[in-house]
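Position in the sequence shown counted from 1, then plus 9, gives you the working numbering. Virtual Cβ for every residue (Gly too), placed ideally from N, Cα, C. One structure is given below, encoded as structure tokens.
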Amino acid sequence: KEEVKSAPTLNNSIRESLYSYVLEDFRRRIDVAITWLTEEWYNDRLRQKTEGDGAPRQYETWAVKLIDGFSQYLHAQDKVLTRFLGEVPDLS
């Protein structure tokens, strides 16, 4: 039972590390963010099929958190947000 309880904590720890890593240099690490979020999106879809609609969703949570994290550093001519939104799977 301890392994099951520690799994979400470990997963969130890994997600927090990825989040921090991307934000340290988001312009150069945007590919890492896109790949990570694509994996989260796919995993959410798989979990939804096996666990139903009540399965926790990580994709939207972390996508919004990333956008919030790097948006404060963007300027009007910046294309990073446009690229990011164009390449990640659907945000609703």
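Between the C-alpha atoms of R92 and G61, what's the straight-line distance to the nearest angstrom?
-> If I take the Cα positions, the gap works out to 32 Å.
What is the DSSP secondary structure of S29, counted as helix, strand or coil?
-> Three-state result, S29: helix.
Residue interval of the alpha helix (DSSP H) (run including R92) = Per DSSP, R92 belongs to the alpha helix (DSSP H) from V89 to E96.
For P65 and R36, the rounded distance between their alpha carbons | Distance between the alpha carbons of R36 and P65 is about 29 Å.
What three-state label does DSSP hand F35 in the structure shown?
-> F35: coil per DSSP, three-state reduction.
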